[in-house]
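Asker:
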Amino acid sequence: MPSTPPTRSSGIIRWIRRNLFASPASTLTTVLVVWLALLAAPPLVEWLLIKATFEAPNANVCREAGGACWAFIAEKYRLILFGPYPYDEQWRPLLATFLLVATIVCSGVKRFWSPMLLVAWTACLIAVAVLMWGGILGLTHVENVQWGGLPLTLILSTFGIAFAFPFGVLLALGRRSRMPAIKAMCVGYIELIRGVPLISLLFMSSVMLPLFLPEGMDIDKLLRAQIAIIMFAAAYIAEIVRGGLQAIPKGQYEGAESLGLSYWQQMHKVILPQALKIVIPPLVSTFIALFKDTSLVVIIGIFDLTQAAKAAMADPAWSGFGVEAYIFIGVIYFCFCYSISRYSQRLERELTREHKASEAS
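Numbering (this note's numbering), first residue to last: 1 to 361.
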């Protein structure tokens, strides 16, 4: 007799049954979520799109329409994206943003992982500094107190990650050091910094740090905020990397030592590559949190993306459209954070495949 054909193991129906209706609890949850979505979707779509105003000469047209006022974003997007940077010179922060994003994207492609990438980063940072500050090559000088918006957020987060990561790795190694003095200093630093919120560090760097400097010496407010962000992120990265180091089997340390490698060679060639691969997810979470936490610099008067949005909302002629402004900057934050998250997942899968292939060979 002919046998019964096997049940399909793939397909949309199979996926729905397995993920949405696998059990009574799952079915009830699915029904509730769909019900809430059907309740919320019509008024939300009506406000966002149907009654929305995309072009308007003034705010009264938006208020009469009763929907979202995207005309406000069209009117104020340059202020939100670039803050108080001189209007006629805003092509410079726009180009600087493209350079930073392009260099970050290239850094995520494995075929570009070579010493030339460091050269590319150096050239990119020099170009960004020249574009933002000016004063040379015929560019008008712009003080960094006039920087703001998305370029400033990217600069703070990029420099924060770039300097906090190696500092955090050194702190993690120091915390596991056999030298009591180094271990005590690293433990004290990590526990102290992790025991206070970032806001307090920003206040300290902005208000207290100048009091400890020699007379006549001053550190720029933006640089002080950048130092606080680096110090804060490094402490959290150190604990994440320490967890990865502890997860490495003792045999790996003994094997590296038996090869006659020095301590730094052991860390560089054997231990750290394995430890960092293990902690990719929490590291990426820390990077995403750092990117979002740069919005806290608003409390010390730095025009990041959030502060620039508040400045746009302060215009009396376009008052009352804060929801649209926060949706706009929320979409920007989401795009960057989601891209980082997806890249980390892809990198993790690639490293896992390479590890399995090396084990099989």
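Quick reminder that beta carbons are idealized off the backbone N, C-alpha and C, glycines included.
Restricting to Cα atoms, I'd like to know which of W264, E215, A228 is closest to I199.
Answerer: With distances taken between Cα atoms, I199 lies closest to A228.
Asker: Would you list the one or two residues that DSSP bridges to T53?
Answerer: Beta-bridge pairing links T53 to C69.
Asker: Three-state secondary structure (DSSP) at I280?
Answerer: Helix, per DSSP.
Asker: Just to confirm the assignment, what range does the alpha helix (DSSP H) spanning T30 have?
Answerer: Taken as a continuous stretch (DSSP letters only), the alpha helix (DSSP H) holding T30 covers 24-45.
Asker: Answer with buried or exposed for W318, where buried requires no fewer than 16 other C-beta atoms within 10 angstroms of its C-beta.
Answerer: That one is buried.
Asker: Taking the alpha carbon of A127 as the reference point, which residue from R111, P281, F98 has its own alpha carbon closest?
Answerer: Measuring from the Cα of A127, the nearest candidate turns out to be F98.
Asker: With distance defined between alpha-carbon atoms, name the residue in G135, S157, Q274 nearest to I340.
Answerer: Measuring from the Cα of I340, the nearest candidate turns out to be S157.
Asker: For S371, which of helix, strand or coil comes out of DSSP?
Answerer: Residue 371 falls outside the range modelled here, since the chain spans only 1 to 361, and no answer is possible.
Asker: Just checking, does the region 203-223 make contact with the region 270-279 on the three C-beta pairs under 8 Å criterion?
Answerer: Counting Cβ pairs under 8 Å, fewer than three are found: no touch.
Asker: Closest to D293 by CA distance: which of V105, P197, A256 is it?
Answerer: For the residues V105, P197, A256, the minimum Cα distance to D293 belongs to P197.
Asker: Measuring alpha carbon to alpha carbon, tell me which of R78, G108, S26 ends up nearest R346.
Answerer: Measuring from the Cα of R346, the nearest candidate turns out to be G108.
Asker: Run through the region 211-262 for me and flag every whole alpha helix (DSSP H) of 4 or more residues, listed as ranges in chain order.
Answerer: DSSP runs (the alpha helix (DSSP H)) wholly in the region 211-262: 221-247, 250-258.
Asker: Let's test the definition: count the other Cβ atoms within 10 Å of the Cβ of P151 and tell me whether it reaches 16, buried, or not, exposed.
Answerer: By the 10 Å Cβ count, P151 comes out buried.
Asker: Mind checking which residues open and close the alpha helix (DSSP H) that includes G149?
Answerer: Per DSSP, G149 belongs to the alpha helix (DSSP H) from 149-175.
Asker: Grab me the residues of F112's own chain with a C-beta within less than 6 Å of its C-beta, minus the 5 sequence neighbours each way, in chain order.
Answerer: Hits under 6 Å: C106.
Asker: On the DSSP letters alone, give me the boundaries of the alpha helix (DSSP H) that E191 sits inside.
Answerer: It spans 180-194 - the alpha helix (DSSP H) in which E191 sits, taken as one unbroken run.
Asker: According to DSSP, simplified to helix, strand and coil, what is D304?
Answerer: DSSP places D304 in coil when its eight states are reduced to three.
Asker: Label R224 either buried or exposed according to how many other C-beta atoms from any shown protein chain fall within 10 Å of its C-beta, with 16 as the threshold for buried.
Answerer: By the 10 Å Cβ count, R224 comes out buried.
Asker: Of all the options A22, I16, L38, K221, which has the alpha carbon lying nearest to the alpha carbon of V365?
Answerer: Any answer about residue 365 is impossible in this case: the structure gives the chain only from 1 up to 361.
Asker: Taking the alpha carbon of R73 as the point to measure from, which residue in V331, C335, C337 has its own alpha carbon closest?
Answerer: Looking at the sequence shown, residue 73 is not Arg but Ile. Measuring from the Cα of I73, the nearest candidate turns out to be V331.
Asker: Measure the alpha-carbon distance for C337 versus A325 and round it to whole angstroms.
Answerer: Taking the straight line from one Cα to the other gives about 18 Å.
Asker: Taking just the CA atoms, how far does I12 sit from R242?
Answerer: Going by the C-alpha atoms only, they are around 42 Å apart.
Asker: Among I299, S258, G160, G135, whose alpha-carbon lies nearest the alpha-carbon of I237?
Answerer: Per the Cα distances, G160.
Asker: Do L79 and V169 have their beta-carbon atoms positioned less than 9 Å apart in this structure?
Answerer: Not closer than 9 Å, so no.
Asker: For W70, tell me which candidate among L81, F82, A56, N60 has the shortest Cα-Cα distance.
Answerer: It is A56.
Asker: Starting from I299, trace the alpha helix (DSSP H) in both directions and tell me its first and last residue.
Answerer: Segment: none, I299 is in no alpha helix (DSSP H) and carries neither H nor E.
Asker: When DSSP labels each residue in this structure, what does I136 get in the three-state scheme?
Answerer: The answer is coil: DSSP assigns I136 none of H, G, I, E or B.
Asker: Spell out a yes or no on whether the region 162-181 and the region 302-319 are touching, meaning 3 or more CB-CB pairs, one atom from each, closer than 8 Å.
Answerer: Contact between the region 162-181 and the region 302-319 is absent, because fewer than three Cβ pairs lie under 8 Å.
Asker: Inspect the beta-carbon positions of D218 and G83 and report whether they are closer than 9 Å.
Answerer: No, these two residues do not count as a Cβ contact at 9 Å.
Asker: Which value, in whole angstroms, describes the spacing of the CA atoms of K183 and I193?
Answerer: Their Cα atoms are separated by approximately 15 Å.
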